[in-house]
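Chains as they are written, first to last, in the numbering used here: chain G, 177 to 285; chain P, 177 to 285. No residue lacks a Cβ here, since even glycine has one placed at the ideal position from N, Cα and C. In this text the structure is predicted, and so the values were computed from the model without any measurement.
2 protein chains.
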Amino acid sequence: MGITKTEIFTDQQNQVSTFAKAFGHPARVAILQHLFKINACICGDLVEEIGLAQPTISQHLKELKTLGLIKGNIEGTSICYCIHTENWTKMKAVMLQFLDQDISKENCC
Amino acid sequence: MGITKTEIFTDQQNQVSTFAKAFGHPARVAILQHLFKINACICGDLVEEIGLAQPTISQHLKELKTLGLIKGNIEGTSICYCIHTENWTKMKAVMLQFLDQDISKENCC
DNA sequence: TATATTTATTGCAATATTACGATTAAAGAA
DNA sequence: TTCTTTAATCGTAATATTGCAATAAATATA
């Protein structure tokens, strides 16, 4: 069946997994790191920087944009992509809540 | 062609994406949260708790185990799964390094 | 207008993931 | 040994993801 049963999970669990899925490909990790590093970017740069074909990069950018983690401003014939700082902060809060769970000392194993 | 080109990315980028992929399904998020909550678990509990079939849960557990995020001890006919706290801490360090990138104020957009 | 540049979209092939029924394996109980 | 319980594995169908060539769209420039 191959289809994730999102309806049986909480909103928080679905949120965590949606963000995590976005980070679940090294190209998207690399894109985000590059955007953080140079703090402004056009797609062409990324194609050279990352080494995947232009349509592939464009597709990854679209996913990140749909999720709201990046935004793109048109600048002439190119597009200036950058981190959506507000949404990045919100995402971080969701992920940290998940990652920072308390580990009780009395562990069974 | 459906195959991720891991070889063109850094170890760190591949590490982040590998961990993120594990969290990229709500069932695995739910499993981990449940393990944190009750701090010991058998697979049967999870099947009831989460509402997916036993083979499906077993498959998700296997992925988490392979990644080293959980460990399982045999206890009679059942298996006691729990968080691998050491590895969880290591994973957290990798993820935090990625999530906590500095956002410069002079953003282009 | 015609041309060049840059990014998005389409279409498709290859691979990966998700889910579960059926079965197997392992260990305790009768 | 046989039965029961619990979890893993196998096999398979459905769906999702990845990657790119070809093409389209949008805008700047000659």
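Contact under 8 Å by Cβ, residue i with residue j
i, j, result
"P/I207", "P/L237", "yes"
"G/I233", "G/L243", "no"
"G/E239", "G/A198", "yes"
"G/V192", "P/V205", "yes"
Inter-residue spacing [alpha-carbon to alpha-carbon] between residue i and residue j
i, j, result
"P/F212", "P/W264", "11 Å"
"G/A196", "P/G200", "5 Å"
"G/C217", "G/I226", "13 Å"
"G/K241", "G/S254", "16 Å"
"P/D276", "G/L272", "10 Å"
"G/D278", "P/Q209", "10 Å"
"G/K266", "G/T194", "13 Å"
"G/G252", "G/G220", "13 Å"
"G/D187", "P/T180", "29 Å"
"G/H260", "G/Q235", "18 Å"
"P/E183", "G/C256", "27 Å"
"P/E262", "G/E262", "32 Å"
Per-residue burial, residue i [other beta carbons within 10 Å of its own, 16 or more giving buried]
i, result
"P/A269", "exposed"
"P/P231", "exposed"
"P/A141", "Only positions 177 to 285 of chain P appear in the structure, and residue 141 of chain P is not among them; the question remains open."
"G/G248", "buried"
"P/Q189", "buried"
CB-CB length for residue i against residue j, believed under 8 Å
i, j, result
"P/I250", "P/C258", "Not a contact, Cβ separation roughly 13 Å."
"P/F185", "G/P202", "4 Å"
Listed from N- to C-terminal order along the chain, which residues in the stretch 185-198 of chain G have their beta-carbon within a distance smaller than 7 Å of any beta-carbon of chain P? In summary, the residues of the stretch 185-198 of chain G whose CB is separated from some CB of chain P by less than 7 Å are F185, Q189, N190, V192, S193, A196 and K197, in the order they occur in the chain.
Members of the stretch 239-252 of chain P near chain G, C-beta cut-off 7 Å: Listed in sequence order: K247 and N249.
If you measure beta-carbon to beta-carbon, which residues of the stretch 260-277 of chain P are closer than 9 Å to chain G? The residues in question are H260, T261, W264, T265, M267, K268, M271, L272, F274, L275, D276 and Q277.
What residues in the stretch 205-232 of chain P bring their beta carbon closer than 9 Å to a beta carbon of chain G? For the stretch 205-232 of chain P, which is checked against every Cβ of chain G, the residues closer than 9 Å are V205, A206, L208, Q209, F212, K213, N215, A216, C217, I226, G227 and L228.
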